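Take a look at the structure below.
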Amino acid sequence: MKKVMLKTTLSLAVALASTQIFASGFAINEQSISGMGTGFAGRSSSADDASTIFGNPAGMSRLKREQVTGGAAFLDAHTDISDARGSRGGSNDGDMVPFIAVPMGYYVKPIDDHWAFGIGVYAPFGLVTDYENNFAGRYFGSKSEVKIVTLQPTVSYAFNDKVSIGFGPTINRIDGKLESSLNISPSPLAPDGQVKIKGDDTALGYNVGILVQATDSTRVGLTYHSKVKYKLDGDTKVNYSVLAGLGQNPNQKYDASLDITTPESVDFSVTHQLDDQWTLYAGSTWTRWSRLKEITVENSGVPAALNSRFGTITEEQNWHDTWAHAIGASYQVNKQWVLRTGFSVDQAPTNNQNRSPRIPTGDRKIFSLGAGWSPTDDLTIDVAYSYLVEESVKINDNNGRQTYSAKYENSANGFGVGATYRF
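Going letter by letter, the sequence shown gives residues -23 to -1, 1 to 400 in mature numbering (1 follows the signal peptide of the UniProt record, and there is no 0).
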C-alpha cells in the first residue's frame, strides 16, 4: 500500500519524465533551437546566440550586439507496451504523452568590451503524462503534470579576447498535479479509489561557466549547473469509498510536504572551425543523479487509524550518476544559410529493480538535424528536428497488494523553431 502513495508523490517532487523529453532522468535538453540542430554537442562552447545564457553564460562575451532569442520545441512521443500483466487487469494502450511544447526566451545586452548582461527564461525539468482510465498500472501512477520554470539574470566578464567567465543565479518554480488509483480491499470487486496530489515551491540555484578561445579555430567551454533544493508544500486528497467501512471519512485531505534536490551537472564541449564553411562540435555532460537515493513523504493531519498507510512513506530509488556524449557539425552554405547535424547518446539513471510506469526510461540515442536562415544581418530563423529511440526496458512493480509488469519501448520526434533578432 505504501508504494501507491509514494509513486504519485515521487513524480510531483522530481518531475519524472522519461519518454517525454530528450535528456535522461527528468532533465530537459531543449533550451536552444540552434543547439538542438547539432544534438547539443557544442552546448557550452558554441555561443551562437542569446541561448548561451543557459548553455554557458560566459558565451555572452562573444555576442557583440544586443539581441533577443526565443522559440519552442515540440515533442511527439510514442510508447509501445508489451508483455503486460496487472493483478487487477486493465488496458495498456501506451502513448501516454500528449503533444507538448517547451518554450524558451533570452535577452543579452553587451555593456562594454568586458561586461555583458542577460536574462533567460526556460524549462530545465518537466512532465506531462496521461494514461487511459483503466490502465493496468494505474495503482503506480495514472496522470501527471509537473512544470519547473527558471528565471536566470546573468552577467559575463571578458578578461581579454581569449578568456571570459559568466554567472547567473537561477530562480526556479516547481508546480505539480498528479493522480493515481488506490485499492486496499481484499475483494476483487471493490471499486478503486483515487489519490490526487498537488504542491509547489520556489528555490534558488546558479549557473556558472568559463569560455576559452584556445586557438584561432578552437574554443572550449565548461559550465556548471548547481543543484536546487526544493521543499514542496501542498495537499494530498484521497477519495475512497472503502474507508467508510473502516469508520473513516471516504474523502480525506492531508497537508503534504516533501524535500527533493534536483541534481547538479557539468557540461564540457569543444567547438572547432575547420574552415570558412565547416565547424565541428563535441561535448559531454555529467549529471549527479545519485542524489536521488530515496524519497520520503510527510503527510500531516492523518487520522491515527490511517497513519500507518498515509503518514510517513519512504521508498528507495537508488539512481546513479550518468554521462551523455554528443558530436555534431555545421556547414555554412552561404551568408544566409547554415546546416547542422548531430548525434548523442544518453544514459538512464534508473535501475531494473526500482523502475516504475512513471519512470519507464532506458539508455537512448538521438539523431538531430537543423538549419539557420538569416535573411538579413539582424534576423536569424532556426529550425531543428530530432529523433529519439530508447532501449527496451522492463518494469516489475509490487506494492504489496497490486502488481504490474510490462516491457516498454519508447521513441519520440522533436521539432524546434526559433528566431534571434539583433538590435
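Beta carbons are placed, not taken as given, at the ideal position from N, Cα and C, and that holds for glycine.
Just so we're clear, the structure is a prediction, and the values are computed from it rather than from any experiment.
Are there three or more Cβ pairs, one per stretch, closer than 8 angstroms when the stretch 182 to 199 is compared with the stretch 153 to 169?
Touching, no, given that fewer than three Cβ pairs across the two stretches are closer than 8 angstroms.
My output table needs one value for Asn311: the three-state DSSP class, helix, strand or coil.
Correct three-state label for Asn311: coil.
Please say whether Arg150 and Gln379 have beta carbons closer to each other than 8 angstroms?
Going by C-beta atoms, Gln379 is not nearer than 8 angstroms to Arg150.
Please name the residue in Ile174, Glu241, Lys312, Trp300 whose C-alpha comes closest to that of Asp340.
If we check each option's Cα against that of Asp340, Trp300 comes out closest.
Quick check for students: name the residue ranges of the beta strand (DSSP E) that lie wholly in the stretch 54 to 90, counting only runs of 3 or more.
Restricted to the stretch 54 to 90, the beta strand (DSSP E) segments that are unbroken, complete and at least 3 residues in length are 77 to 87, listed in chain order.
So, do the stretch 106 to 113 and the stretch 66 to 74 have three or more beta carbon pairs nearer to each other than 8 angstroms?
With contact defined as three or more Cβ pairs closer than 8 angstroms, the stretch 106 to 113 and the stretch 66 to 74 are in contact.
Does the stretch 6 to 18 touch the stretch 302 to 309, meaning 3 or more C-beta pairs lie closer than 8 angstroms?
Short answer: they touch.
Give me, in chain order, the residues of the same chain whose beta-carbon lies closer than 8 angstroms to that of Gln225; leave out the 5 immediate sequence neighbours on both sides.
These residues qualify, in order along the chain: Pro280, Ala282, Leu283.
Relative to the C-alpha of Gln254, which candidate in Val140, Arg317, Gly211, Tyr207 has its C-alpha closest?
The option with the nearest alpha carbon to Gln254 is Arg317.
Quick check: the Cα distance between Val370 and Lys175, rounded to an integer number of angstroms?
Each residue's Cα considered, the two are about 29 angstroms apart.
Report yes if the C-beta distance between His302 and Trp266 is below 8 angstroms; otherwise report no.
For His302 and Trp266, no; Cβs fall outside 8 angstroms.
For a test of the three-state rule: what should DSSP assign to Ala281, helix, strand or coil?
In the structure shown, Ala281 sits in a helix (DSSP, three-state: H, G or I).
Opposite Thr127 in the DSSP bridges: which residues?
According to DSSP, which records beta bridges pairwise, Thr127 is partnered with Tyr99, Asn149.
Provide the residue span of the alpha helix (DSSP H) that contains Phe31, from first to last.
Phe31 -> alpha helix (DSSP H) spans 29 to 32.
Closest by CA to Ser234, which one among Gly278, Tyr83, Pro352?
Ser234 has its Cα closest to that of Gly278, out of Gly278, Tyr83, Pro352.
Between Gly391 and the ligand SAM, is the CB less than 7 angstroms from at least one heavy atom?
As presented, the structure is devoid of all ligands, the ligand SAM included, so that no description of it is given.
Alpha carbon to alpha carbon, what distance is there between Thr238 and Ile272?
A direct Cα-Cα distance of roughly 10 angstroms separates Ile272 from Thr238.
With a 10 Å radius around its C-beta and 16 neighbouring C-beta atoms as the bar for buried, classify Asp252 as buried or exposed.
Around the beta carbon of Asp252, fewer than 16 other beta carbons sit within 10 angstroms, so the residue counts as exposed.
Just the Cα atoms here: how many angstroms apart are Phe117 and Ile161?
One C-alpha to the other measures close to 13 angstroms.
Beta-carbon gap between Pro146 and Leu181 smaller than 8 angstroms
Yes, Cβ-Cβ distance for Pro146 and Leu181 is below 8 angstroms.
With DSSP as the reference, label Ala167 as helix, strand or coil.
In the three-state DSSP reduction, Ala167 falls in the coil class, being neither helix nor strand.
Cα-Cα separation between Ser23 and Arg62, rounded to whole angstroms:
Straight through space, the alpha carbons of Arg62 and Ser23 are spaced by roughly 48 angstroms.
Measure how close the beta-carbons of residue 401 and Tyr134 come, nearest whole angstrom, since I'm counting them as under 8 angstroms.
Look at the range of the chain in this structure, -23 to 400, and you will see that residue 401 is not part of it.
Give the C-beta separation of Ser345 and Ala361 to the nearest angstrom, bearing in mind that I take them to be a contact with Cβ-Cβ under 8 angstroms.
Your pair Ser345 and Ala361 checks out as a contact, with CB atoms roughly 6 angstroms apart and the cut at 8 angstroms.
What are the boundary residues of the alpha helix (DSSP H) that includes Ala113?
Per DSSP, Ala113 lies in no alpha helix (DSSP H) segment and is marked neither H nor E.
Any idea what DSSP makes of Leu269, helix, strand or coil?
DSSP places Leu269 in coil when its eight states are reduced to three.
Per DSSP, the bridge partner or partners of Lys214
DSSP output for Lys214 lists Lys173, Lys230 as bridge partner(s).
First and last residue of the uninterrupted alpha helix (DSSP H) at Ile358:
From DSSP, Ile358 is part of no alpha helix (DSSP H) but of the beta strand (DSSP E) over 356 to 367.
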